[in-house]
């Protein structure tokens with residue numbers, strides 16, 4: 072059972088606490104003064120709801136905390152609460168996320184800035200608690216913003232940034248905050264907990280404005296439109312998504328100014344890439360073994376770097392293509408699968424290749440599917456990937472998709 | 040009944056019963072712009088529902104006829120705020136809206152006032168897909184909300200397919216009579232209101248209505264919204280398209296459903312059951328229940344019925360009136376009372 076370990080700081084003093092990724096997000100919910108939260112149990116995301124429940128029970132947080140009877144209702148409840156002007160938080164994992172799929176589909180279409188934590192988990196069957204990214208990735212075409220975080224600190228910070236971006240009137244789109252199950256949701260790390268004053272400065276109140284569902288603003292939301300207007304309405308969502316990168320940049324700049332923590336390029340993190348010949352790219356906590364392996368390889372004189380993709384939607388195509396064009400080969404570590412996709416690759420590799428197609432320089436992109444079902448990606452796995460990349464960089468023909476860490 | 044001290048109750052609008060048709064205000068909040076069929080009783084339910092509730096109301100509508108036909112883009116018929124919700128989400132929609140109002144008003148982010156929250160669903164959205172969500176909503180004593188199920192006994196918007204609330208034997212596009220099977224739909228109609236009343240002790244009001252008795256129906260809605268907490272109303276709505284009859288007899292069919300005993304009208308208010316209107320008269324012996332044949336044979340969906348089918352239907356209705364512990368409400372047999380209690 073998850074128990075609160077953080078003692079929340081008094082107003083005005085920044086504090087440090089040893090907490091898990093889930094707890095960090097619960098703390099962010101408190102700091103953001105979320106109004107309505109819905110919970111339903113599924114591992115590993117649900118630890119966040121256990122922390123929230125304790126905050127509510129202890130009177131540290133004032134919100135409506137509803138335990139729903141299934142994920143579909145869980146997401147529908149906050150969807151409607153958000154339409155009525157409430158700041159909302161919810162989340163799920165694996166097949167729970169899929170159970171909510173109908174609600175997930177309509178949420179961006181309704182321009183609902185819902186923040187949902189996805190504790191990434193393998194989809195059934197066979198049953199597995201461990202991380203895979205396919206759950207969150209299923210909404211990638213629907214208008215959800217998707218961001219992957221790496222550490223508990225980044226989870227807390229990104230949750231605050233998420234509200235800021237999603238609730239911006241130019242955007243009004245939902246956001247999936249993806250955290251690798253177990254590796255992040257359940258692992259403790261030292262986290263700086265910002266003060267309420269800092270958060271208040273950074274995060275304005277949610278204002279639904281002319282879209283508020285209230286007797287003072289008697290609008291009809293989501294009427295039957297058909298071929299007369301559906302294209303124009305879809306186009307508005309397209310335009311909103313198009314505005315997201317600009318709003319993300321503003322939010323990160325303000326975040327740095329107010330909280331003093333620097334994330335650099337908001338869309339992806341680069342590690343030892345300045346002089347790298349080849350890079351390994353992935354999302355989430357894969358960065359840990361990758362960093363260790365890179366330091367080892369560097370000590371052997373092999374110039375390897377890492378790119379950790381944060382924002383998957385919107386996909387930072389131009390910036391990423393520009394970055395990856397600098398290297399002789401790119402290896403994608405896909406913690407997901409997409410059976411029957413081009414070259415049978417994973418989702419991130421397929422998207423990255425698409426992003427590179429129009430770019431001036433496009434190095435070979437090799438895909439490595441690994442870490443499925445929560446299997447650990449090891450340092451030797453990353454070393455093997457680097458070996459393949461150096462061979463590809465030397466002009467050797469390599470398979471476009473390989474499975475890594477697979478029992479033969 | 041006792042209420043937990045941890046339940047936080049907000050005040051509701053006090054909507055007293057209207058004493059007669061002439062006391063009903065003229066203002067309409069469901070007006071022109073809808074495209075329901077001629078003789079649609081469900082459209083009348085929408086109109087009277089929101090008339091009864093008044094303008095300080097948020098309405099959430101599940102997918103179904105009353106979504107598709109009523110809210111054509113740029114010609115909405117709703118004067119009050121209205122939002123679409125998914126087919127099985129009326130319970131969740133009501134909970135979400137009510138929770139937002141409660142939270143925002145408590146925290147001083149929204150002006151404090153009682154606002155009605157009504158979520159409606161059809162029988163497909165309510166008795167079938169959304170039953171779990173409605174059940175969950177009715178367990179939350181903190182939220183003031185009404186879920187109204189307009190039951191036209193089929194998925195009428197999608198081409199008249201049978202639902203769990205369709206009458207026995209009805210001809211629908213999923214249960215057409217054929218050469219081998221005269222009766223494709225051999226399930227009995229689900230007892231939705233009774234089951235919800237019996238299963239949710241926090242729910243202070245459940246009623247069955249029929250807008251052929253409009254004033255009674257509207258006063259039930261006003262009571263449901265005034266009483267506080269989660270409430271449920273089940274309305275039976277004759278449907279010219281789905282039931283296959285001339286639209287001018289919609290009202291007459293609504294009356295026949297009650298007078299033949301097929302559709303008992305009742306309310307469960309603060310856990311006390313009261314039979315209403317003609318149903319009460321039947322129960323008290325002041326009105327003679329008519330034969331179901333009069334109700335069935337006016338509808339094309341039962342045109343394939345033989346005498347045996349009508350007799351079977353009649354016997355089920357007779358059982359309900361003579362054998363159930365409470366006619367129309369609790370389908371347990373009266374002779375249960377005579378059973379010996381289990382020995383130690």
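Protein chains in written order, with the working numbering: chain A, 72 to 479; chain B, 40 to 383.
Virtual Cβ for every residue (Gly too), placed ideally from N, Cα, C.
Exercise for the section: Could you list the residues in the stretch 276 to 302 of chain A with a C-beta less than 8 Å from some C-beta on chain B, going in chain order? Expected result: 276, 284, 285, 286, 288, 289, 290, 291, 292, 293, 294, 295, 296, 297, 299 and 300
Practice task
Kindly indicate if chain A contains any beta-carbon less than 7 Å away from that of residue 123 of chain B.
Solution key: yes
Practice task
Give the DSSP bridge partners of residue 246 of chain A, in chain order.
Solution key: A:186 and A:216
Problem - Segment contact flag, the stretch 136 to 145 of chain B with the stretch 89 to 104 of chain A, C-beta cutoff 8 Å, min 3 pairs - result: no
Exercise for the section: Find the residues of chain B that neighbour residue 174 of chain A, judging by a C-beta separation of less than 9 Å, and give them in chain order. Expected result: 125, 128 and 131
Problem - Neighbour flag for residue 146 of chain B against chain A, beta carbons, 7 Å - result: yes
Exercise for the section: Kindly indicate which three-state DSSP category residue 272 of chain A falls into: helix, strand or coil? Expected result: helix
Handout entry: Inter-residue CB distance, residue 305 of chain B and residue 314 of chain B (contact presumed, cutoff 8 Å)
Key = 5 Å
Exercise for the section: Would you list, in chain order, the members of the stretch 140 to 152 of chain A that have their beta-carbon closer than 9 Å to a beta-carbon of chain B? Expected result: 140, 141, 143, 144, 145, 146, 147, 148, 149, 150, 151 and 152
Exercise for the section: Return yes when the Cβ of residue 135 of chain A is within less than 7 Å of the Cβ of residue 167 of chain A, no when it is not. Expected result: no
Exercise for the section: Whole angstroms is fine: what's the gap from residue 321 of chain B's alpha carbon to residue 247 of chain B's? Expected result: 16 Å
Problem - Whole-number beta carbon distance between residue 96 of chain B and residue 173 of chain B, since they are thought to touch under 8 Å - result: With 8 Å as the limit, residue 173 of chain B and residue 96 of chain B do not qualify as a contact, their Cβ atoms being about 19 Å apart.
Practice task
Indicate whether at least one CB of chain A lies closer than 7 Å to the CB of residue 95 of chain B.
Solution key: yes
Problem - Exposure of residue 191 of chain A, with buried meaning 16 or more beta-carbon neighbours within 10 Å - result: buried
Practice task
Classify residue 336 of chain B as buried or exposed, calling it buried when 16 or more other Cβ atoms lie within 10 Å of its own Cβ.
Solution key: exposed
Exercise for the section: State buried or exposed for residue 306 of chain A, treating a residue as buried only when at least 16 other CB atoms are found within 10 Å of its CB. Expected result: exposed
Problem - Cβ pair count under 8 Å reaching 3, the stretch 233 to 241 of chain A against the stretch 268 to 282 of chain A - result: yes
Handout entry: From B:131, B:46 and B:114, residue whose alpha carbon lies closest to that of residue 110 of chain A
Key = B:131
Handout entry: contact_flag[the stretch 86 to 94 of chain A, the stretch 254 to 265 of chain A] where n(CB pairs < 8 Å) is 3 or more
Key = yes
Problem - 7 Å Cβ shell around residue 194 of chain B - same chain, five flanking residues per side excluded - result: 163, 200 and 202
Practice task
Measure how close the beta-carbons of residue 450 of chain A and residue 442 of chain A come, nearest whole angstrom, since I'm counting them as under 8 Å.
Solution key: At roughly 13 Å, the Cβ-Cβ gap does not stay under 8 Å, so residue 450 of chain A and residue 442 of chain A are not in contact.
Practice task
Check the Cβ of residue 180 of chain A against every Cβ in chain B and list those closer than 7 Å, keeping chain order.
Solution key: The premise fails here: residue 180 of chain A is roughly 10 Å from chain B at the closest Cβ pair, so nothing lies under 7 Å.
Handout entry: Within chain B, the residues that residue 345 of chain A reaches when beta carbons sit closer than 8 Å
Key = Within chain B, no residue comes near residue 345 of chain A; the closest Cβ sits about 48 Å away, beyond 8 Å.
Handout entry: Coarse secondary structure for residue 155 of chain B, derived from DSSP in three states
Key = strand
Exercise for the section: Could you tell me the distance, in whole angstroms, from the CA atom of residue 328 of chain B to the CA atom of residue 299 of chain B? Expected result: 5 Å
Problem - Where the beta strand (DSSP E) through residue 245 of chain B begins and ends - result: 244 to 248
Exercise for the section: Return yes when the Cβ of residue 284 of chain B is within less than 7 Å of the Cβ of residue 338 of chain B, no when it is not. Expected result: yes
Exercise for the section: Just confirm the distance between the C-beta atoms of residue 290 of chain A and residue 120 of chain B, as a whole number of angstroms; I'd bet it's less than 8 Å. Expected result: 6 Å
Handout entry: Closer than 7 Å at the beta carbon, the chain B residues around residue 134 of chain A
Key = 142
Handout entry: Proximity below 7 Å, CB of residue 383 of chain A to CB of residue 217 of chain A
Key = yes
Practice task
Tell me residue 189 of chain B's beta-bridge partners as DSSP assigns them.
Solution key: B:161 and B:274
Problem - Contact check, residue 72 of chain B vs residue 116 of chain B, beta carbons under 7 Å - result: yes
Problem - Bounding residues of the beta strand (DSSP E) (the contiguous stretch that carries residue 306 of chain B) - result: 305 to 308
Handout entry: Closer than 7 Å to chain B by CB, residue 419 of chain A
Key = no
Exercise for the section: Please classify residue 141 of chain B: does DSSP put it in a helix, a strand, or coil? Expected result: helix
Exercise for the section: Verify whether the separation of the beta carbon atoms of residue 421 of chain A and residue 436 of chain A is less than 7 Å. Expected result: no
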